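Shown next, in structure tokens, is the structure this report addresses.
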Amino acid sequence: MDGKHGLLNAPTGSGKTYALWFPIVLNYIQKNPEYRTKHKKGLKAIWITPLRALSQEIKQSAERITQDLGTQMTVGIRTGDTSSSERAKQKKNMPDLLITTPESLQLLLSSKGYQKVFKNCSAIVVDEWHELLGSKRGVQMELGLSRLKTITADLRIWGISATIGNLEQAREVLLGPASEALTNSVLVKANLNKKITVKSIIPKKMETFPWRGHLGLHLMEEVVPIINNSKTTLLFTNTRGQCEIWFQKILEKHPEYAGEIAMHHGSINKETRLWVEQAIRNESLKAVVCTSSLDLGVDFAPVETVVQIGGPKGVARFLQRAGRSGHRPGKESVIYFLPTHAIELIEASAMQKAVRNAAVEDRIPYLNSYDVLIQYLTTLAISDGFYPDEIYLEVKQTFCYQTLTKETWQWLLNFLVMGSQSLKTYDEYKKVEVESDGKFKVNNLAIARRHRFQIGTIVGDASLSVRYQKGGYIGTIEESFISKMNPGDVFTFAGRNLEFIRIKGMTAQVRNSPKRTNKIPSWMGGRLSFSAKMSEILRQELYSAKLDSKFQSIEISALAPMFAKQREESIVPKPNQFLIETFKSRDGYHHIFYPFEGRAIHEGMSSLLAYRISLLTPITCSLAFNDYGFELLSDKEINMQDVLDNNLFSPEYMLSDLQKSLNSNEMARRKFRDIAVISGMVFTGYPEKGVKMKHLQSSSQLLFDVFKDFEEDNLLYQQAFTETFEHQLEEGRLRLALERISSQEVVWKKCENPTPFSFPIITDRLREKLSNEKLADRIKRMTKLLTK
Amino acid sequence: MTQSIHIKNQTFVLHPCGGMFWEEKSMLLISDVHLGKVAHFRKFGAAVPRKAIHKNYVLLDSIVSHFNPFQICFLGDLFHSSLNKEWELFQNWVAKTPAEIVLVSGNHDIISPLKFEKLGISVFEELIIEDFLLTHHPEERQGFFNFCGHIHPAIRLRGFGRQNLRLSCFFKSKNQLIFPAFGKFTGTHTLQPKKGDEVYAIVEDEVVQV
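Chains as they are written, first to last, in the working numbering: chain E, 1086 to 1873; chain W, 1270 to 1479.
Following this line, the structure appears as structure tokens:
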């Protein structure tokens, strides 16, 4: 480490844990020559991991080093899984090396006398920094580090990141722009040049291969020989629901695998997950169906082959997953890409190219996340309290809040103390108090307790634990799924058929059932979007459709029957063409646009276009989008000639139009949900105490409306819109996309039937809405339909 | 724009604020106002905009001045929680409102009835007026038509082009009318109408039968 700070760029399984633990322990030995006999107690180094599942592995490697070097150093873990007795023990006597998560680090900052605990900490390592970087957990980490820099005597900060597009920026975010730490830092790249081979699984009969779908079960039999020919195979699925289905179907068709195949995803209980991980290491499993829960950390040497089912939607993720196989230095990594529908073969082809060019996407760090800052300040207020002037300087040094003004800072402090910007006599708002010497402090125990609980919440749908009546814990499930079940219904979860009995508090009670079922819980989770680079490659692959098959990739040439079908009524666009298709179906009038720019851009563009159309004529649309294009579905036909004549794809006035369009749809409203929870305005309740807290629970939706009506200038409400622009819609890229379209020739095809390109879009049920019609008019039309 | 309906030869006017006026008795019925909810949240450190507190009183004033009732009957959940400073605002509102006020208490009404009676508000578990049974929780009783709240009913409408909408509503079945929640800062629960049910949805400033 050489007294420096830095970022280590290394893929999983390259011995990075040793590379950083080793100097930490050596440093201690150098400073304490009598380390063998006289051991100084107290925290010396912290290792941050985004997934608590990884902590065990990291602990083992640390222990190997401390023992080999003959020190008496202790290694401890502190995460959400750590028992309260263990925590209490740690509080009295911190381990020398502590492995923890960003949330648990915040929790440490919320306990009294935390400054003393960290005083002699000389190193902090943030593992898998790329995973944290583009999320609010990353912001949490930035704030935590800003505090640690002040309260420790001499701290080295190191991050470990897989390859991403913006590694330099990743280092800047970790250490703080314009910070001393950044000047005195290095970026170390582990040059391992691992060979990665990508093989697509191509359906034998393209004619019968589906145009839509996301499960990929059609090609299940193709996976069997792959499993048989390899020691251990990991099958990566994109959702937990898909994971459950694949596991079940493989066993159904191939009962001979019973006992040799397992499942691993984030909602399954910890014991089972640990068992599976151990079984992979013991080579006692042939295959594991998993989700991103096995993306990170943990080295699994016996894994020989990886299968990716469905598009991974990101080159970095794909590379990471490929890297799970052939885990010994010098060994080749093999990854199979299994498409779930026809168009995904284009993605498969593009992915190969991207891997060859290492076209890895950026992770965009958050800016000005006031919700996280409010949470952090409350955290400091419940432990030892804080003096604003001191903390302002620290916060201002972080990347996220580098532009934070004194005015905004004052706004935030007012919000903490008064819950608004002015004092009113009848108001009983209570949270942070200002003591006579100017210290901000929370003195109410109940507020402190609720806040501590909230820190650890990873925002999502309210989740219930699934248990047997006798108490055996199976996992967690989203409330929205279980609320649709009636007692006696059977569903598949964690590979078992379970009968739903009742909900008790925040627990769903179940019993095993012999009945078969097709009900499988779905977990919402994020749908990822293609990056600019990946979209570019994707378009190039698509444009190769017109070439002779000699010049095409095997995936593209396999798609020939689908392209032929597409050309029956429409075209496969060339580089200078922008395709629009329209047709009518039972559902309404479909208007489909194909920019091929990735889901996020299409989301913004569809919202923008729908808004601009609504200026021409009153209209109600539902919007759907995927990585290839987007659809406006309406109960009336949109006059496309009008759209073209009025140049509605113009990049001019884009920002203000986009802003206005957001007011008439739900995107900002959904963003607000996380913000309300993180900033403590919505309390999600204690896990087992659900009912008791009823009087304090409300939905963020309700709150959003109240802000809209009464406090539109609230920074946290505003943040929902800013985040939508910057993180969801990627304003800058949207502008470039519109500029590209305005240079293209528009080809508008009026079709009789849905084309293969349109199929995955029109069947998407997750939709945005936009309307500027009078509500009463719409209802009259709907009522007419009901009574018909 | 209001909507009139007839039940057992009596006339009732549904108002888009979520209240209903019983013409023959000059009685205004309102359910689930949840006063004090915003103040309760703020007291516990959740910064719901303070201005939202007043909206309920503005709405109450507007519906009361529209009908000028002789009596106002709240069908439960008038006050969301234990006593807080919003009680003073409520006191003021009661003092300046000329109508007689009664409360059929609901699950959220945990404030002592004595407090209400001090303001001249009588509190009942249930009320029977001729053939009508007024309760907070929905009830079925032989020979009576039931007015109630508690559910915060809403209805989902679907249209061509995969449109759908959710609207707060008055939900009428054969022997029962469930009131929408009057309060601004309250949620809703979607009901599925069966054959014979009548649904009166609140569409901005109109009541529309769907």
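Here a beta-carbon is modelled for each residue, glycine too, at the ideal position from N, C-alpha and C. Being a predicted model, the structure only gives us computed values, none of them experimental.
Quick one: is residue i near chain W, going by C-beta distance under 8 angstroms?
i, result
"H1780 of chain E", "The predicted model places H1780 of chain E with a pLDDT of 49, which falls under 50 and marks its position as unreliable; any figure quoted below should be read in that light. Chain W, which has a Cβ nearer than 8 angstroms to the Cβ of H1780 of chain E, makes this yes."
"D1720 of chain E", "yes"
"M1436 of chain E", "no"
"R1232 of chain E", "no"
"V1791 of chain E", "yes"
"N1251 of chain E", "no"
"G1155 of chain E", "no"
"S1784 of chain E", "yes"
"G1765 of chain E", "yes"
Check whether the Cβ of residue i lies closer than 8 angstroms to any Cβ atom in chain E.
i, result
"L1347 of chain W", "no"
"K1320 of chain W", "yes"
"R1425 of chain W", "no"
"R1410 of chain W", "no"
"A1364 of chain W", "no"
"G1314 of chain W", "yes"
"V1333 of chain W", "no"
If the criterion is Cβ atoms closer than 8 angstroms, does the pair residue i and residue j meet it?
i, j, result
"Q1272 of chain W", "Q1478 of chain W", "yes"
"R1256 of chain E", "L1092 of chain E", "yes"
"T1457 of chain W", "S1442 of chain W", "no"
"F1451 of chain W", "K1306 of chain W", "no"
"H1090 of chain E", "N1269 of chain E", "yes"
"F1615 of chain E", "K1398 of chain E", "yes"
"K1814 of chain E", "G1689 of chain E", "Checking the displayed sequence, the identity of residue 1814 of chain E turns out to be Leu instead of Lys. Against a cut-off of 8 angstroms, the Cβ pair of G1689 of chain E and L1814 of chain E comes out as a contact."
"I1950 of chain E", "A1401 of chain E", "Nothing about residue 1950 of chain E can be reported from this structure: the residues present for chain E run from 1086 to 1873 only."
"H1377 of chain W", "H1303 of chain W", "yes"
"S1300 of chain W", "L1344 of chain W", "yes"
"P1449 of chain W", "I1424 of chain W", "no"
"V1832 of chain E", "P1658 of chain E", "yes"
"K1129 of chain E", "N1178 of chain E", "no"
"A1466 of chain E", "F1403 of chain E", "no"
"T1702 of chain E", "S1856 of chain E", "no"
"H1215 of chain E", "A1247 of chain E", "yes"
"V1224 of chain E", "Y1451 of chain E", "yes"
Answer with buried or exposed for residue i, where buried requires no fewer than 16 other C-beta atoms within 10 angstroms of its C-beta.
i, result
"Y1103 of chain E", "exposed"
"D1346 of chain W", "buried"
"Y1511 of chain E", "exposed"
"K1338 of chain E", "exposed"
"T1878 of chain E", "In the structure displayed, chain E extends from 1086 to 1873; residue 1878 of chain E sits before or after that span and is not available."
"G1100 of chain E", "exposed"
"I1397 of chain W", "exposed"
"A1147 of chain E", "buried"
"S1351 of chain W", "exposed"
"Q1333 of chain E", "buried"
"Q1191 of chain E", "buried"
"D1330 of chain W", "exposed"
"R1534 of chain E", "exposed"
"R1410 of chain W", "exposed"
"H1350 of chain E", "buried"
"V1271 of chain E", "exposed"
"H1675 of chain E", "buried"
"L1632 of chain E", "exposed"
"K1516 of chain E", "buried"
"L1297 of chain W", "buried"
Name the chain A residues that come within less than 8 angstroms of residue i, Cβ to Cβ?
i, result
"A1861 of chain E", "Given the protein chain composition of this structure (E and W), no chain A is represented."
Have a look at the DSSP bridge pairing and note the partners of residue i.
i, result
"M1289 of chain W", "W:L1283 and W:L1298"
"T1185 of chain E", "E:I1133 and E:R1163"
"E1513 of chain E", "None; E1513 of chain E has no bridge partner."
"M1348 of chain E", "E:V1374"
Interface residues of the stretch 1500 to 1516 of chain E facing chain W [CB-CB below 7 angstroms]: Those would be F1500, G1504, S1505, K1509, Y1511, D1512, E1513, Y1514, K1515 and K1516, in chain order.
Residues from the stretch 1672 to 1684 of chain E in contact with chain W, defined by Cβ distance under 8 angstroms: D1672, G1673 and Y1674
Interface residues of the stretch 1461 to 1485 of chain E facing chain W [CB-CB below 8 angstroms]: none
Where the stretch 1424 to 1457 of chain W meets chain E: residues whose CB sits under 9 angstroms from a CB there: Hits within the stretch, in order: L1426, R1427, G1428, F1429, G1430, R1431, Q1432, N1433, L1434, L1436, K1453, F1454, T1455 and G1456.
Within 8 angstroms of chain W by C-beta, residues of the stretch 1694 to 1712 of chain E in sequence order: T1705, C1706 and S1707
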